[in-house]
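Novice: If you're matching them up, the sequences are chains L and P in order. As numbered in our numbering, the first sequence has no gaps in its residue numbers, which increase by one up to the final residue, 568. As numbered in our numbering, the second sequence has no gaps in its residue numbers, which increase by one up to the final residue, 868. Don't be surprised by glycine CBs; every beta carbon is placed ideally from N, CA and C.
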Amino acid sequence: MGILEYFRLAIRALKSNKMRTALTMLGISIGVAVTILVVAIGEGATKSVADQVNGMGTNLLTVHQGPREMRLTAAARTAPTQSQNTLTLDDADMVMKLYPDTIAAVAPQVRGSIQIRLFGANATSSVLGTTPSYLAVNNQSVRKGRFFTSMENESNLKVCVLGSTAAENLTGNANADLTGQNISVNRDDYLVVGMLTTKGTGQGGQDPDDVVIIPVSTAMQRVLGVTGISDFSISCVSPELMTLAQQEVTSLLRQRHHLQPPFPQNDDFRVANQTDLLARSESVTKTMTTLLTAVAVISLIVGGIGIMNVMLMSVKERTREIGIRKAIGARSRDILMQFLTEASIISILGGLQGVLLGVVGALLLASFGGWNAIVSPTALVIALVVSASVGIFFGIHPAQKAASMHPIDALRYE
Amino acid sequence: MDAKEGLLLRLRDILKIYIMGGQEVRALDGVDLDVNVGEFVSIMGPSGSGKSTMMNMIGCLDVPTSGSYQIDGAEVSDLDDDELASIRNRKIGFVFQGFNLIARTSALENVELPLLYGRQKDRRAAATAALVRVGLGDRLDHTSSELSGGQQQRVAIARAIVSKPRLILADEPTGNISTLQSEEIMQIFQELNDDGVTIVMVTHELDIAKHGKRCVDMRDGKIVDDQPVADRLLAKEMIEELKKPRPTSKQVVAVGA
Ligand SMILES: Nc1ncnc2c1ncn2[C@@H]1O[C@H](COP(=O)(O)OP(=O)(O)O)[C@@H](O)[C@H]1O
Ligand SMILES: [Mg+2]
C-alpha cells in the first residue's frame with residue numbers, strides 16, 4: 155500500500171469525526187501559534203537591541219553613577235554638599251582635556267523630570283541637560299532648526315531642543331515644528347531652537363523621544379538645582395582605543411574622587427562600553443526567550459498529549475474495525491501506518507492553522523501592541539516540521555497499540 | 612507436503628485451550644477435518660461447541676494450542692504474521708458472525724478494502740462487479756446504517772468474494788435476517804460453489820445447513836458427526852416458492868365477486 159492510500163484512509167477516518175479532529179487540531183495549533191509568536195517576539199527584541207546599540211553611536215563609553223552607598227561615602231569624603239551626584243561637570247571636562255589622543259568628544263548629561271506647557275497644553279516630560287557634543291557622541295540629529303551652540307550653553311541661556319514625543323504631548327502632532335516659539339519648562343520660558351529626529355526604540359521601555367534638551371548648566375542651576383551630573387558619554391577616537399580609554403577614565407575618576415582600594419568594589423561610578431550594554435540587553439532578551447520557549451514547548455507537549463489521547467480513544471473505539479481490517483488481510487504495518495498518518499495529518503493541519511494564527515498574532519502585536527515582532531520563514535518551516543514530529547511522536551504509541559491487536563480479540567470486542 | 616490433489620484444508624488433532632479465570636476451556640478438543648476443493652461444508656452444533664473457534668482457526672485468524680493445520684499444503688504454524696495476513700487477503704473470504712462492515716464507510720469502499728490491502732489495481736471496477744454480483748448494484752454509496760440486515764450481509768459477502776478467493780468462510784451468515792434474505796444469501800453461496808469456490812459455513816439452523824453438500828456436527832469442541840447432505844435444498848427453488856403469490860382470503864373474495 156502506498157502512502158497515498160494510507161492518506162486516503164486517514165482522511166476518511168478524520169472526516170467521519172470532524173468535531174474531534176478539529177478539537178485535537180486546535181491543541182496543536184495553539185502550541186504552534188505560541189511558538190511562532192515567541193520566536194517572532196524574540197527576534198524582534200534582538201533586532202531592537204541591535205538597533206539601539208547602533209543608534210547609540212560608535213566607540214561609545216558611558217560613565218554612570220556607581221551604587222548608592224558608594225556615592226554617599228565618597229561624597230562625604232570629598233565635599234560637604236551632601237549631593238548624591240558624585241560625577242561632576244569637571245570630571246567630564248577633565249576627561250576631555252587630559253586624553254585628547256584617545257577621546258574624541260565627551261557629552262555630560264544631567265537628567266530629571268519636568269512639567270512643560272505650551273498655551274493650554276500641559277505635560278510631564280524629562281529634561282536632559284548636555285552640551286553640543288551630545289549630537290555627535292550619541293549619534294543624534296536635528297530634524298528642524300538647530301541644536302544650541304557652545305555659546306548658548308556656556309551662557310546658561312534658556313533655549314531648548316524638543317523630542318518628537320514631547321512635541322506631540324504639547325501639540326498633538328509628533329511632526330510639529332515649534333522652533334521660534336517659547337515653551338514653559340517648570341514655569342520658566344524657554345526658546346525652542348530645534349526639533350530632534352525621532353529615535354523610536356529606547357532602552358528599558360523609556361521613550362527616548364519624550365525629552366527636552368537644554369544647556370547643561372541651565373539644567374543644573376535653573377531647573378534641577380543640582381551640582382553633579384547624572385552620567386556622561388564618551389566618544390573614543392577609534393574602537394581599538396576603547397579599552398585604553400576605559401582604563402584612563404577609570405583611574406582618573408578614582409583619583410579625582412579620592413577612592414581607596416579594593417577596586418572595583420569601592421568605585422562610585424561605572425564605565426560601560428557598548429559591548430557590555432549589548433551583552434546586558436541580550437541576556438535579558440535571552441531570559442525572556444528561554445521563558446517563552448518553555449511556554450511554547452509545554453503547549454506543544456500538551457497538544458501532543460491531546461493527540462495521543464484522542465488517538466488512543468479512537469483506537470479503542472475502532473477496535474472492531476481494526477479486527478475487520480486485519481481479518482481481510484491488513485498487515486500490522488498497514489494498521490500502524492493508517493493511524494500514524496491520521497495523527498500526522500491532524501498535527502500538520504493543526505500546525506498550518508497554528509502558523510496562520512501565529513503570523514496574524516505577531517502582526518497584531520506589532521501593529522497594536524507596539525512590540526517589535528519579526529516572523530521569519532525559517533521559523534514557519536521549523537514550526538511545521540516540529541508539529542509533524544509531535545504528531546508522529548505522540549501518534550506512535552496509539553498506532554502501535556492498534557497494530558499489535560490480535561484480530562480475534564479485536565473482532566470479539568464489544 | 613502430503614497435500615493430495617484437491618485437498619484444501621487439513622486439520623489434525625487440533626486443540627485450542629482458553630484459560631478463563633484459572634479454568635481451562637477446551638474450545639477445540641482434538642479436531643480432525645479434511646476439506647477438498649469444491650466442497651460446501653455446513654458446520655452445526657449448539658452454542659459454545661467451538662464452531663467459531665474452528666472457523667477462526669481455518670481462517671488463519673487464530674492459531675491452535677496444538678495440532679497441525681495445513682491450507683493448500685502449507686503448515687500455518689510455520690507462517691509469520693505478514694504471511695498469514697497475505698493468506699487471509701488472497702485465499703480466504705470471511706463473512707463474520709454479525710455484520711462486520713466498517714461504519715460510516717460506503718458499501719463500495721468496504722468491498723474495495725481487501726483489494727487495497729492486496730495492492731491490486733482497478734479496485735473500483737472489481738468492487739462494483741462484486742456488489743452487482745450480490746444484487747446491490749444500486750446501493751454502492753450506501754453506508755451500513757443505510758442498509759438492511761440482509762443487505763449488509765450481502766455487502767460482507769461481496770467483500771469476501773471480491774478478491775476471488777478459493778475459500779469462503781461464513782460464520783452464521785444468516786443470523787438475525789429474514790427467511791427470504793437468508794435464501795438469497797444461500798443462493799449466492801450455491802452459485803459461488805457451482806463456480807468452484809469451496810465454502811465452509813457455520814449455522815445452527817438445519818434448514819440453512821441443508822444448502823451445503825456435507826454437514827459436520829460439533830459438540831464440546833469435538834466433531835461428533837460428518838455426513839453428506841442427503842436432501843439438499845436449492846436456494847433458487849426455495850426463493851421461487853417463497854415469492855409465489857399465495858392467495859389471501861381478500862383476493863378470494865375479490866375473485867368471487
Ligand atoms: N477468546 C476466548 N477466551 C475465552 N474463551 C473463549 C474465547 N473464545 C471462545 N471461548 C470459549 O470457547 C468455547 C467455544 O466458543 P465458540 O467457538 O465461540 O463457540 P460457538 O461459535 O460454537 O458458539 C466457548 O465455551 C467459549 O466461551
Ligand atoms: Mg459462534
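Taking Cβ to Cβ, would you say Val370/L is nearer than 9 Å to Val217/L?
Specialist: Their beta carbons are not under 9 Å apart, which means Val370/L does not touch Val217/L by this criterion.
Novice: Put Thr285/L into one of helix, strand or coil per three-state DSSP.
Specialist: Thr285/L: coil per DSSP, three-state reduction.
Novice: Does chain P have any CB closer than 9 Å to the CB of Ser170/L?
Specialist: True, the Cβ-Cβ gap to chain P drops below 9 Å.
Novice: Within 9 Å (strictly less), CB to CB, does Leu742/P reach chain L?
Specialist: Judged by the 9 Å Cβ criterion, Leu742/P is not in contact with chain L.
Novice: For Ala527/L, which of helix, strand or coil comes out of DSSP?
Specialist: Looking at Ala527/L - three-state DSSP - the assignment turns out to be coil, as it is neither helix nor strand.
Novice: On a CA-only basis, which of Asp343/L, His412/L, Ile367/L is nearest Leu289/L? Give me that one, please.
Specialist: Nearest option by C-alpha distance: Ile367/L.
Novice: How far does the beta strand (DSSP E) with Met812/P in it extend, from its first residue to its last?
Specialist: That run of the beta strand (DSSP E) goes 809 to 813.
Novice: Could you check whether the Cβ of Tyr728/P sits closer than 9 Å to any Cβ belonging to chain L?
Specialist: Cβ-Cβ to chain L under 9 Å: yes for Tyr728/P.
Novice: Give me the Cβ distance between Val377/L and Val339/L, rounded to the nearest whole Å; I'm assuming they're in contact under 8 Å.
Specialist: At roughly 7 Å, the Cβ-Cβ gap stays under 8 Å, so Val377/L and Val339/L are in contact.
Novice: Given Ser287/L, which residues of its chain have a CB within under 7 Å of its CB, disregarding the five upstream and five downstream residues?
Specialist: Only Ala259, Val260, Ala261 meet the Cβ criterion.
Novice: Using the Cα positions of Ala638/P and Ser759/P, report the straight-line distance between them to the nearest angstrom.
Specialist: About 33 Å.
Novice: Is it the case that the CB of Val687/P approaches a heavy atom of ligand 2 more closely than 8 Å?
Specialist: Not under cutoff, so the answer is no.
Novice: What residues match up with Ala373/L in a beta bridge as DSSP calls it?
Specialist: Answer is none; Ala373/L lacks a bridge partner.
Novice: Note down, in chain order, each residue of its chain lying with its Cβ closer than 7 Å to the Cβ of Tyr160/L, except the 5 sequence neighbours on either side.
Specialist: Once the five neighbours on either side are set aside, the close Cβ partners of Tyr160/L are Met491, Gln492, Thr495.
Novice: So, does the CB of Glu159/L fall closer than 9 Å to a CB anywhere in chain P?
Specialist: Closer than 9 Å: yes.
Novice: With distance defined between alpha-carbon atoms, name the residue in Ser405/L, Met305/L, Leu252/L nearest to Phe417/L.
Specialist: Cα-wise, what sits closest to Phe417/L is Ser405/L.
Novice: What did DSSP end up calling Gln567/L once you bin it into helix, strand or coil?
Specialist: Looking at the sequence shown, residue 567/L is not Gln but Tyr. Looking at Tyr567/L - three-state DSSP - the assignment turns out to be coil, as it is neither helix nor strand.
Novice: Going by alpha carbons, who is nearest to Thr814/P out of Gly649/P, Ala736/P, Val706/P, Leu672/P?
Specialist: Closest option to Thr814/P, Cα to Cα, is Val706/P.
Novice: Would you say Ala176/L reaches chain P, if we count a Cβ-Cβ gap shorter than 9 Å as a contact?
Specialist: Chain P, which has no Cβ nearer than 9 Å to the Cβ of Ala176/L, makes this no.
Novice: Hey, out of Thr372/L, Thr325/L, Ala320/L, Ser498/L, whose CA is closest to Pro362/L's CA?
Specialist: Residue Ala320/L is the option with its Cα nearest to Pro362/L.
Novice: Mind listing the chain P neighbours of Glu197/L? Cutoff is C-beta to C-beta under 9 Å, in chain order.
Specialist: Here the premise fails: no neighbours, minimum Cβ distance about 45 Å.
Novice: Between the C-alpha atoms of Leu398/L and Leu432/L, what's the straight-line distance to the nearest angstrom?
Specialist: Rounded to the nearest angstrom, the two C-alpha atoms are 20 Å apart.
Novice: Distance, Cα to Cα, Val372/L vs Ala199/L?
Specialist: It should be noted that the sequence gives Thr, not Val, for residue 372/L. Going from the Cα of Thr372/L to the Cα of Ala199/L covers about 37 Å.
Novice: Determine the chain L residues that contact Leu869/P at a beta-carbon separation under 9 Å, and present them in chain order.
Specialist: The first residue shown for chain P is 612 and the last is 868, placing residue 869/P beyond what the model contains.
Novice: Between Ser202/L and Met248/L, what straight-line distance do the alpha-carbon atoms span, to the nearest angstrom?
Specialist: Cα to Cα, the separation comes out at about 34 Å.
Novice: Beta carbon of Ser318/L, beta carbon of Leu350/L: below 9 Å?
Specialist: In contact: Ser318/L and Leu350/L (Cβ atoms closer than 9 Å).
Novice: Just to confirm, is the Cβ distance from Asp831/P to Asp640/P under 9 Å?
Specialist: In this structure, Asp640/P lies closer than 9 Å to Asp831/P by Cβ.
Novice: For Gln269/L, which of helix, strand or coil comes out of DSSP?
Specialist: Gln269/L: strand per DSSP, three-state reduction.
Novice: Name the chain P residues whose beta carbon is nearer than 7 Å to that of Ser486/L?
Specialist: What Ser486/L touches in chain P: Asp692.
Novice: Return the bridge partner residues of Ile779/P from the DSSP annotation.
Specialist: Looking at the DSSP assignment, Ile779/P forms a beta bridge with Gly704/P, Ile810/P.
Novice: I'd like to know whether the C-beta atoms of Arg300/L and Gly334/L end up nearer to each other than 9 Å.
Specialist: Cβ atoms of Arg300/L and Gly334/L: not closer than 9 Å.
Novice: Quick one: using the 10 Å Cβ neighbour count with 16 as the cut-off for buried, is Leu747/P buried or exposed?
Specialist: Label assigned to Leu747/P: buried.
Novice: State the start and end residues of the unbroken alpha helix (DSSP H) segment that holds Asp752/P.
Specialist: Counting along the chain, Asp752/P falls outside any alpha helix (DSSP H), and DSSP gives it neither H nor E.
Novice: With hydrogens ignored, establish whether the beta-carbon of Lys662/P is closer than 8 Å to any heavy atom of ligand 2.
Specialist: Yes; taking the cut-off as 8 Å, the Cβ of Lys662/P has a heavy atom of ligand 2 nearer than that.
Novice: For Ala164/L, is the classification buried or exposed, using 16 other Cβ atoms within 10 angstroms of its Cβ as the cut-off for buried?
Specialist: Buried.
Novice: Assuming Val217/L is part of the beta strand (DSSP E), what are its boundary residues?
Specialist: Note, Val217/L: beta strand (DSSP E), 214 to 219.
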